[in-house]
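Novice:
Numbering (my numbering), first residue to last: 341 to 572.
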């Protein structure tokens, strides 16, 4: 069961990033990097460190795997100078892929109205939980680490006859909601910063890039704390 859940999670990440990539390629942009997990390279105590555990150059594309498995990353050639609407569809394609992956399986068991209602309820619960977390109602110390989270998912999946399918639905809808949050460094934040640059001009690009980088490292620190929590 644990291996199956890990595969579901990784598949959700791959399809999310593939959503970004396919829309970008359809608009004429060449894929530069495709990572499962979030690749981070930095220097500390005089040493070059990296979360990348595997990478391979295949033609013009660098494929890789990072230890920060709670996400993924894609990059493209010449995307910085792309028109706003090109960026808009590329950015939103990933979360929309997860939305469809979560919604469509429900249609095999329920009618359209019920499927839409279930999707709305799950997204609302996820958004409420994230609001409590970022609002301080749920302290970081109460968030489960990888072992605790896996135990919860195993318990959830084991409690239903179609448990793994239901978990797939919840995972993808949770990915959709989380990625649409207007936080720099994730899809919703990229949409926000790209909108600011499009409206106020390219002079705002560098400040937006700086803000994105700061939030990226904040999120990476939080992710590292959560991933290592079970070691404490």
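C-beta: ideal position from N, C-alpha, C; glycine also. Being a predicted model, the structure only gives us computed values, none of them experimental.
1. I need the boundaries of the alpha helix (DSSP H) containing residue 545, first residue and last residue.
2. At which residue ranges does the region 357–403 contain complete beta strand (DSSP E) runs of 3 or more residues, listed in the order of the chain?
3. Is residue 443 buried or exposed, if buried means 16 or more other CB atoms sit within 10 Å of its CB?
4. Between the alpha carbons of residue 435 and residue 386, how many angstroms are there, rounded?
5. Please check the pair residue 446 and residue 431, which I expect to be a contact at CB under 8 Å, by giving their CB distance rounded to whole angstroms.
6. Whole angstroms is fine: what's the gap from residue 544's alpha carbon to residue 420's?
7. Is it true that the region 377–384 meets the region 404–415, where meeting means three or more beta-carbon pairs spaced less than 8 Å apart?
8. Based on the DSSP output, what are the partners of residue 413 in its beta bridges?
9. Considering only residues of the same chain and omitting the five flanking positions on each side of residue 519, which have a CB-CB separation below 8 Å?
10. Suppose you measure from the CA of residue 398 to the CA of residue 450; what does that come to, to the nearest Å?
11. Within its chain, find whatever has a CB closer than 7 Å to the CB of residue 424; leave out the 5 residues flanking it on each side and keep chain order.
12. Just list the alpha helix (DSSP H) runs in the region 440–493, keeping only unbroken ones of 4 residues or longer that don't cross its boundaries, in chain order.
13. For residue 406, does the three-state DSSP call read helix, strand or coil?
14. Tell me which residues share the same chain as residue 514 and place their Cβ nearer than 7 Å to its Cβ, disregarding the 5 neighbours each side in the sequence.
15. Is the separation between the beta-carbon of residue 553 and that of residue 349 shorter than 8 Å?
16. Let me make sure I understand the geometry here. Which of 508, 470, 392 has the alpha-carbon closest to that of residue 522?
Specialist: Inspection of the coordinates gives the following:
1. Start and end: 545–567.
2. Entirely contained in the region 357–403, the beta strand (DSSP E) runs reaching 3 residues are, in chain order, 371–376, 381–384, 387–390, 392–398.
3. Classification of residue 443: buried, given that the 10 Å Cβ count is 16 or more.
4. For residue 435 and residue 386, the distance between alpha carbons rounds to 38 Å.
5. Contact between residue 446 and residue 431 fails: their C-beta atoms lie close to 25 Å from each other, not under 8 Å.
6. Counting only the Cα atoms, residue 420 lies some 13 Å from residue 544.
7. The region 377–384, when compared against the region 404–415, does touch it at the 8 Å Cβ threshold.
8. Looking at the DSSP assignment, residue 413 forms a beta bridge with 375.
9. Closer than 8 Å at the Cβ level, and outside the excluded window around residue 519, lie 356, 434, 435, 438, 526, 527, 528.
10. Distance from the CA of residue 398 to the CA of residue 450, rounded to the nearest whole angstrom, comes to 43 Å.
11. Hits under 7 Å: 534, 538.
12. Taking only runs of at least 4 residues, the alpha helix (DSSP H) segments lying wholly in the region 440–493 are 452–474.
13. In the three-state reduction of the DSSP assignment, residue 406 falls in the strand class, which pools E and B.
14. Correct list, in chain order: 466.
15. Not in contact: residue 553 and residue 349 (Cβ atoms no closer than 8 Å).
16. Nearest option by C-alpha distance: 470.
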